[in-house]
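Heads up: the structure comes next, in structure tokens.
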Amino acid sequence: MSKLPSKAKPIILEARGITKSFLFQHKISTVLKEVDFCIYDGEFVSIIGSSGCGKSTFLELLAGISKPDNGQIHLNQQDITGKAGFLGYMPQDDLLFPWLNTMQNILLPIKVRSGNLAEAKGQVMELLPMFGLENHAQHLPNQLSGGLRQRVALLRTYMTNAKVLLLDEPLASLDSLTRSQLQTWLKDIVRLLNLTVILVTHDIDEAISLSDRIELMTKDPGTFSQSIDIVAMGKLNDTDQLALKGKIKSLFT
Ligand SMILES: Nc1ncnc2c1ncn2[C@@H]1O[C@H](COP(=O)(O)OP(=O)(O)OP(=O)(O)O)[C@@H](O)[C@H]1O
Ligand SMILES: [Mg+2]
């Protein structure tokens with residue numbers, strides 16, 4: 003079991019002893035084994051790990067999209083194991099519906115759960131400028147750039163009103179300039195809206211610059227092997243950042 007960092011803030015989300023296996027072509031493979039994880043209120047944690055180690059599987063379990071074979075997930079001490087709708091989840095291949103415009107895509111989850119659409123629309127109108135979407139409310143997804151589409155998907159996730167957002171490689175498909183602009187924007191907006199975020203990324207620089215903490219996941223079976231407390235390191239200059247990147251890279255080899 004991985005060691006959990008101790009912090010003064012309250013734990014908002016906690017996963018204990020999570021094990022998940024899949025049956026594929028008559029063979030059972032254990033993707034996650036006795037995984038422990040927690041995140042503190044307002045914390046930004048990135049998960050890094052090689053392809054196929056179980057990062058998306060773990061987020062799906064947290065989101066309640068699937069159930070663990072063993073283990074429990076608690077949100078503010080309430081058992082949410084296998085229950086969807088408690089956390090804001092942006093999947094790895096998040097698709098906006100091509101026939102719906104920005105506003106309709108953002109409001110869709112509220113419509114599906116028969117929420118108050120008029121109230122939500124008012125809230126979205128207020129949030130559009132913060133997400134850089136004020137001139138795009140009527141645009142269809144194919145009329146938006148990749149960066150704008152990700153902002154729409156993020157606003158849709160935010161509108162679930164969840165305290166904790168699970169973001170599975172939200173910036174992976176973007177060119178490097180747009181990606182770095184969105185990283186800065188994401189960092190600011192997370193602070194502004196006081197969000198708690200779990201981000202899956204393959205980009206070590208992105209993880210270092212956005213996170214309070216990085217959790218490294220190793221493979222076969224997937225488990226958290228190292229926890230890197232970025233906050234405790236204080237302000238990192240370019241040299242520190244390069245050294246840390248090298249250290250993280252070496253932990254994969
Ligand atoms: N529904 C499923 N049925 C069978 N195997 C699955 C299923 N979902 C995931 N897996 C397997 O579980 C392992 C972990 O998959 P997962 O998508 O969680 O990896 P990942 O760490 O997110 O990888 P990537 O970085 O490429 O997105 C993979 O070997 C995958 O093939
Ligand atoms: Mg994945």
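Each residue of the sequence shown is one higher than the last, beginning at 3 in this note's numbering. The beta-carbon is built from N, C-alpha and C at its ideal position, and this holds for glycine as well.
Query - Residue interval of the alpha helix (DSSP H) (run including Asn72) - result: No alpha helix (DSSP H) holds Asn72; the beta strand (DSSP E) holding it covers 72-77.
Query - Span of the beta strand (DSSP E) around Gln228 - result: 225-231
**Report entry** Option in Met132, Ile50, Glu128 with minimal Cα separation from His204
**Finding:** Ile50
Query raised in the report: DSSP state of Ala65, grouped into three classes?
Result: helix
Query raised in the report: Which of helix, strand or coil does DSSP assign to Ser4?
Result: Caution applies to Ser4, whose pLDDT of 43 falls short of 50 and renders its modelled position unreliable; the value that the coordinates give is listed next. Correct three-state label for Ser4: coil.
Query - Cα-Cα separation between Leu167 and Thr159, rounded to whole angstroms - result: 7 Å
Query raised in the report: When the Cα atoms are used, what is the spatial distance from Cys40 to Leu15?
Result: 6 Å
Query - heavy atom of ligand 1 below 8 Å from Asp205 C-beta - result: no
Query - Every unbroken alpha helix (DSSP H) within the region 182-213, with a cutoff of 4 residues, ordered by chain - result: 206-212
Requested in this report: Rounded to whole angstroms, what's the CA-CA distance from Asp240 to Gly248? Just pull it up for me.
Outcome: 12 Å
Report task. Count the C-beta pairs between the region 143-151 and the region 117-131 that are closer than 8 Å, then say yes if the count reaches three, no if not. Result -> no
Query raised in the report: Would you report the Cα separation of Gly84 and Phe60, rounded to the nearest angstrom?
Result: 12 Å
Query raised in the report: What residue range is occupied by the uninterrupted alpha helix (DSSP H) comprising Leu150?
Result: 148-160
Query raised in the report: What is the chain-ordered set of residues for which the beta carbon lies under 7 Å from any non-hydrogen atom of ligand 2?
Result: Lys57, Ser58, Gln94, Asp170, Glu171, Val202
Query - Endpoints, alpha helix (DSSP H) assigned at Lys165 - result: Where Lys165 is concerned, there is no enclosing alpha helix (DSSP H), given that its DSSP letter is neither H nor E.
Query raised in the report: Less than 8 Å between the CB of Leu25 and some heavy atom of ligand 1, yes or no?
Result: yes
Report task. Please confirm whether any heavy atom of ligand 1 lies closer than 8 Å to the CB of Ser48. Result -> no
**Report entry** Residue from Ser227, Asp231, Ala234, Leu244 with nearest C-alpha to Lys35
**Finding:** Ser227
Requested in this report: Just mark Arg153 as buried or exposed, buried being the case when its beta carbon has 16 or more other beta carbons within 10 Å.
Outcome: buried
Query raised in the report: Any chance the CB of Ser31 is under 8 Å from a heavy atom of ligand 1?
Result: yes
Query raised in the report: Sorry if obvious, but does the Cβ on Phe39 come closer than 8 Å to a heavy atom of ligand 1?
Result: no
Query raised in the report: Is the region 128-143 touching the region 85-103, taking contact as three or more C-beta pairs under 8 Å?
Result: yes
Query raised in the report: Is there contact here, the region 58-72 with the region 18-38, by at least three beta-carbon pairs under 8 Å?
Result: yes
Query raised in the report: Say the cut is 8 Å; is the CB of Met219 nearer than that to a heavy atom of ligand 1?
Result: yes
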